[in-house]
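**Student:**
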Amino acid sequence: MADIKDAILDYVKEEYLEEDDDMEITYDTPLITGGIVDSFSMVSLKVFLENTYNVQIPDSKATPEAFDSVNKIVELLKEFNVGQEG
Amino acid sequence: MTDKLPNMKPYEEEVKEFSWDLSKEELNYKDGDTINIGEYCTDRICKLGKADKTALIWEGHSAEVKRYTFDDMRVLTNTIAKFLQDLKINAGDRVCLFMDKVPELYFGVLGILKMGGIAQPLFSAFGGESLLTRLDDAQTSAIFTQKKHVAKVRKILNDLPSLKHIIIVDDDGSKPLREREIAFNMEKAEKVENFDVYPSKAETPSILHYTSGTTGKPKGAQHVHYSLISQYITTKYVLDLKDDDIYWCTADPGWVTGTSYGIIGPWANGVTQCVSDSGFTAENWYKFIEKHKITVWYSAPTAIRALMKDGTETVKKHDLSSLRHLCSVGEPLNAEAVIWSEEAFGLPFHDTYWQTETGSMVINNYPGMKIKPGSMGKPFPGMTATIVDLKTYEPLDKQGTVGMIALKPGWPAMMRTYWNNKKAYDSKFVNGWYLSGDRSSIDEDGYYWFVGRDDDVINTAGHLVGPFEIESALLEHNAIAESAVVGKPDPVNMEVVKAFIALNPGYEPSKMLELEIMNFVRKKLSALAMPQEIEFVDSLPKTRSGKIMRRVLRAKEWGEEIGDISTLENDL
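Protein chains in written order, with the working numbering: chain A, 1 to 86; chain B, 1001 to 1572.
If you want it as structure tokens, here you go:
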């Protein structure tokens, strides 16, 4: 599970922060309410998760609340059995 | 308690009696006087005895709250104006604001106006290329920004020789400043109690807002200080703001609503307003309304539909009884949203219609006037609106016929030109009418009903996005041979960007390539311009002369008739 968290965290840093931005992001940093990922950019984050973990996240589940931190995203992915095997 | 009677008389009565002179009288302005929006929103309110009244309640991401009185705002806007003068910024110079919704953005606009500069607010989510296009066109002299956004400015600096100063408002000294950068801490700067406000006149340029069209680069709609006359009275009548209201405009001042009705209108009326710099969630928004006891709320259909999607259970968890008047702007407000808001809040959202170019509200639903859910409402008193034929541009007198919304020029907030593009400006006027580019019909009671745009511009979440800009950006991606961008219907955002893409030899469609292209556009232009859906195609429908027929693709997305395709070169 730690691998999944780090992969999502790395993706967020890489894609949504400017290269000079020294903002510290943790698993609990608010992404949507914190202004790091806006509601439009959330679509690309959703596509990343779907591609990487081979899941289909319905729009009803892809809410700003569910995407608001790495930990919340991981909780959402658990609903699709990502990171649950073993 | 707020007076229950609306500020505006019954609509028909107001139409007969209204004159812009009424607004001028209330603002104590006479033709030929100096008129400076910065001064009107700060010094004048203090002189009216409201110096200690709260002007701004600001809340950040982590719920930290800052409060400023009108006198605080007067002094801080003086401080910003003096700082710019000391940097040798002159009256008429363009000064950009490229920031999140922080207090420096709001006070920065007024500070720039106080020293005679032209404020050029830009949405902080813009990518480098969007920023470069707009700063280059305006030949901007200085830009206010934050640490988190400065990297985008640094990347394009070599292409912007006119940009003399990059002013960072939250620099903490942890990293050395680079070429042309200067730190400015509004709270810690030496306060300027008295400042000689620039003696602007009615036609002195004030604000430059960029807007996208079907073709070419975005155009800068240039406004003047006289716009205050419209913005003051429409705020008072349509938003119905009163002295004891607590007002929340959810728009970002990077767009025209955020300046006309998120800065100028409410503060010229001496009203307290709240700003949230937090991203959207339904829970957060309701908490914000409850905590600050918001009474008047001006939002957008996209947000309202997102709240609808969340349901009424979240609404019920909060005490929202402070709300008394709700308005909406950005794209047509569907009937379901009006009906839902009555169920959820006990109040309907009042749709308002206007544009970056109009500078103030044009067709609206008014307090006290019967709402027909789904209708845009009626023209603001003092404005002459009609529907003109789509080909001849002659007014149509038949009820229910679809034509283009046209306005008789002359209201105070009308843009005065497109920056550096008089030809495009002139093309907006035909037969003595300003052509809005929006199609509508008028019913038997005089209510307007929105039909759609008359061009290929995409209205996504209330923001206009030009397909040409996106197609140009897409062509810079190595994998893309050609593309066509259209608006696709979306239940929340009205439209979202959809791209049809033909790949270069050696590239194959894949989900990873799709994501790569999405992020490519997002970083280059903005998240709004990012295609939310990509369809890989072998070729695009073109005319025999090689022009891509976007309308064919758009019609397919909307399930509409494709129309005349006699000039089509290839099969669909």
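Just so you know, even glycine gets a beta-carbon here, dropped at the ideal spot from N, CA and C. All values derive from a computational prediction rather than experimental measurement.
#1: Since M23 (chain A) meets chain B, which of its residues come closer than 7 Å, beta carbon to beta carbon?
#2: Just list the beta strand (DSSP E) runs in the stretch 1412–1477 of chain B, keeping only unbroken ones of 3 residues or longer that don't cross its boundaries, in chain order.
#3: Using a Cβ cut-off of 9 Å, pull out every chain A residue sitting near T1281 (chain B), in sequence order please.
#4: Of all Cβ atoms in chain A, is any one closer than 8 Å to the Cβ of A1138 (chain B)?
#5: Quick one: is N51 (chain A) near chain B, going by C-beta distance under 8 Å?
#6: Does the beta-carbon of G1410 (chain B), which I'm using as the reference point, lie nearer than 7 Å to any heavy atom of the ligand SAH?
#7: If you draw a straight line from the alpha carbon of E50 (chain A) to that of F1098 (chain B), how long is it in whole angstroms?
#8: Just to confirm the assignment, what range does the alpha helix (DSSP H) spanning T1314 (chain B) have?
#9: In three-state terms, what does DSSP make of Q1273 (chain B)?
#10: Just tell me which of B:V1552, B:M1512, B:I1548 and B:K1547 has its CA closest to the CA of I1534 (chain B).
#11: Which residues of the stretch 1484–1508 of chain B have a Cβ closer than 7 Å to any Cβ of chain A? Give them in chain order.
#12: Can you tell me whether M1308 (chain B) is helix, strand or coil according to DSSP?
#13: List the residues that DSSP assigns as beta-bridge partners of W1267 (chain B).
#14: What's the call for D1351 (chain B), buried or exposed, on a 16-neighbour Cβ count within 10 Å?
#15: Can you tell me the Cα-Cα spacing of E1342 (chain B) and A1335 (chain B), whole angstroms?
#16: Could you please give me the residues that DSSP links to R1094 (chain B) through a beta bridge?
#17: Using beta carbons (cut-off 8 Å, strictly below), is D6 (chain A) in contact with chain B?
#18: Let me know the secondary structure DSSP gives I1371 (chain B) once reduced to three states.
#19: Does any residue of chain A have a CB that is nearer than 8 Å to the CB of E1469 (chain B)?
#20: Quick one: which chain A residues come within Cβ less than 9 Å of D1100 (chain B)?
#21: Have a look at B:A1529, B:W1419 and B:A1481 and flag the residue whose alpha-carbon is nearest the alpha-carbon of G1506 (chain B).
#22: Between E75 (chain A) and chain B, is there a C-beta pair that is closer than 8 Å?
#23: With a threshold of 8 Å between beta carbons, is R1522 (chain B) in contact with chain A?
#24: Could you pull out every unbroken beta strand (DSSP E) segment of at least 3 residues lying fully inside the stretch 1057–1104 of chain B, listed in chain order?
#25: Sorted by chain position, which residues of the same chain lie with C-beta nearer than 8 Å to F1288 (chain B)'s C-beta, five sequence neighbours on each side aside?
#26: Determine the direct distance from the alpha carbon of T1257 (chain B) to that of T1077 (chain B), and round the result to whole angstroms.
#27: List the residues of chain B that D38 (chain A) touches, going by C-beta distances under 7 Å, in chain order.
#28: Would you report the Cα separation of Q1222 (chain B) and P1509 (chain B), rounded to the nearest angstrom?
#29: What whole-angstrom Cβ distance do F1450 (chain B) and S1440 (chain B) have, given they're in contact under 8 Å?
#30: Would you kindly check if the distance between the Cβ of K1201 (chain B) and the Cβ of T1034 (chain B) is under 8 Å?
#31: Could you check whether the Cβ of H1292 (chain B) sits closer than 8 Å to any Cβ belonging to chain A?
#32: Does G1410 (chain B) pass the burial test, meaning 16 or more other C-beta atoms within 10 Å, or should it be called exposed?
#33: Does the Cβ-Cβ distance between V1271 (chain B) and G1038 (chain B) come in under 8 Å?
#34: Which residues, taken in chain order from the stretch 1396–1411 of chain B, show a beta carbon closer than 9 Å to some beta carbon of chain A?
#35: For G1377 (chain B), which of helix, strand or coil comes out of DSSP?
#36: Where K46 (chain A) and A62 (chain A) are concerned, what is the direct C-alpha to C-alpha distance, given to the nearest angstrom?
**Tutor:** Reading from the atomic positions:
#1: Here the neighbours are K1148.
#2: The beta strand (DSSP E) runs of length 3 or more contained entirely in the stretch 1412–1477 of chain B are, from start to end of the chain, 1433–1442, 1448–1453, 1458–1460 and 1463–1465.
#3: Correct list: I32, T33, T63, P64, E65 and D68.
#4: Answer no: the Cβ-Cβ gap between A1138 (chain B) and chain A never drops below 8 Å.
#5: Between N51 (chain A) and chain B, the shortest Cβ-Cβ separation is below 8 Å.
#6: Looking for the ligand SAH in the displayed structure turns up nothing, as the structure carries no ligands at all.
#7: Looking at the backbone, the Cα of E50 (chain A) and that of F1098 (chain B) are separated by about 33 Å.
#8: Run containing T1314 (chain B): T1312 to K1316, per the alpha helix (DSSP H) assignment.
#9: In the structure shown, Q1273 (chain B) sits in a strand (DSSP, three-state: E or B).
#10: Closest option to I1534 (chain B), Cα to Cα, is B:M1512.
#11: Listed by position, the residues of the stretch 1484–1508 of chain B near chain A (Cβ gap below 7 Å) amount to none.
#12: Of the three classes helix, strand and coil, the one that applies to M1308 (chain B) here is helix, per DSSP.
#13: Listed as beta-bridge partners of W1267 (chain B) by DSSP are no residues whatsoever.
#14: In the assembly as shown, D1351 (chain B) is a buried residue. Its beta-carbon has 16 or more other beta-carbons within 10 Å.
#15: Their backbone Cα atoms lie some 11 Å apart in a straight line.
#16: Under DSSP, R1094 (chain B) shares a beta bridge with B:I1118.
#17: It does not; no Cβ of chain B falls within 8 Å.
#18: Assigned with DSSP and collapsed to three states, I1371 (chain B) falls in coil, not helix or strand.
#19: Not an interface residue.
#20: By Cβ distance, chain A contributes G35.
#21: Cα-wise, what sits closest to G1506 (chain B) is B:A1481.
#22: So no, E75 (chain A) is outside the interface.
#23: For R1522 (chain B), the answer is yes, since a Cβ of chain A falls inside 8 Å of its Cβ.
#24: The stretch 1057–1104 of chain B contains these whole beta strand (DSSP E) runs: 1065–1069 and 1094–1098.
#25: Only E1059, W1248, C1274, S1276, S1278 and I1294 meet the Cβ criterion.
#26: Taking the straight line from one Cα to the other gives about 21 Å.
#27: Simply A1125, G1279 and A1527.
#28: Distance from the CA atom of Q1222 (chain B) to the CA atom of P1509 (chain B), rounded to whole angstroms, is 43 Å.
#29: Yes, they are in contact, since the Cβ atoms of F1450 (chain B) and S1440 (chain B) sit about 5 Å apart, within 8 Å.
#30: In this structure, T1034 (chain B) places its C-beta atom within 8 Å of the C-beta atom of K1201 (chain B).
#31: No Cβ of chain A is located within less than 8 Å of the beta carbon of H1292 (chain B).
#32: Answer is exposed; the Cβ neighbour count stays below 16.
#33: No, these two residues do not count as a Cβ contact at 8 Å.
#34: Along the stretch 1396–1411 of chain B, there is no position whose C-beta sits under 9 Å from a C-beta of chain A.
#35: DSSP places G1377 (chain B) in the strand class (E or B) of the three-state scheme.
#36: Going by C-alpha positions, K46 (chain A) is about 7 Å away from A62 (chain A).
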